[in-house]
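Following: one structure in structure tokens, then a few remarks.
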Amino acid sequence: MTNRRMTASSLTLPTRLIDQPRTDIAALKPRMRAVVSGRVVAITYPIEGSSMILRAHLKDETGTLIVAWPGRREIPGVHVGARMVVEGNVMYQSSEQLLWNPHFQILEDDDG
């Protein structure tokens with residue numbers, strides 16, 4: 000077994016979403032990869048017998064975006080009033096702008 004010395008330049012650290020530049024919801028375009036932040040203003044829970052997709056309505060100062068997680072009935076920390084940052088590809092479904100299965104981070108009160 001060889002000992003390898005780790006240096007700061009040899010490490011790749013994960014990038015936190017809260018540190019990424021953000022796009023206003025009003026500026027989103029189809030097929031755009033975007034990082035968006037806002038507050039959850041509504042949640043649509045899947046009903047029994049329907050496709051299991053949790054949908055959260057995320058609002059910033061410029062508009063509202065639907066964030067959808069397939070295969071989920073609930074996600075800890077995602078509730079009405081929660082602040083979050085999401086990252087994903089923008090798409091339209093039934094004239095609604097949405098991010099499908101995005102990466103996300105819940106924001107604490109002292110986070111940007």
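In numbering that gives the first Met the number 0, the protein residues as written are 0 to 111.
Ideal Cβ positions, reconstructed from N, Cα and C, are used throughout, including at glycine.
Residues that DSSP places opposite residue i in a beta bridge
{"i": "residue 80", "result": "BP columns for residue 80 are empty, so no partner."}
{"i": "residue 88", "result": "32"}
{"i": "residue 95", "result": "92"}
Close beta carbons around residue i, own chain, < 6 Å, minus the five adjacent residues each side
{"i": "residue 19", "result": "34"}
{"i": "residue 95", "result": "65"}
{"i": "residue 88", "result": "32"}
{"i": "residue 103", "result": "83 and 85"}
First through last residue of the beta strand (DSSP E) which encompasses residue i
{"i": "residue 69", "result": "62-69"}
{"i": "residue 105", "result": "102-106"}
Own chain residues within Cβ distance below 8 Å of residue i, not counting five before or after
{"i": "residue 51", "result": "45, 69, 70, 71 and 72"}
{"i": "residue 29", "result": "89, 90 and 91"}
Nearest neighbour of residue i, chosen from the options [CA to CA]
{"i": "residue 37", "options": "24, 30 and 76", "result": "24"}
{"i": "residue 60", "options": "102, 82, 104 and 90", "result": "82"}
{"i": "residue 101", "options": "53, 78 and 86", "result": "86"}
{"i": "residue 53", "options": "107, 42, 26 and 22", "result": "42"}
{"i": "residue 27", "options": "63, 56 and 93", "result": "63"}
7 Å CB neighbourhood of residue i in its chain, flanking five on each side removed
{"i": "residue 58", "result": "37, 38 and 40"}
{"i": "residue 22", "result": "33, 34 and 35"}
| message | Going residue by residue through the region 10-56, where are the continuous beta strand (DSSP E) segments of at least 3 residues, counting only ones entirely within it? | response | 32-43
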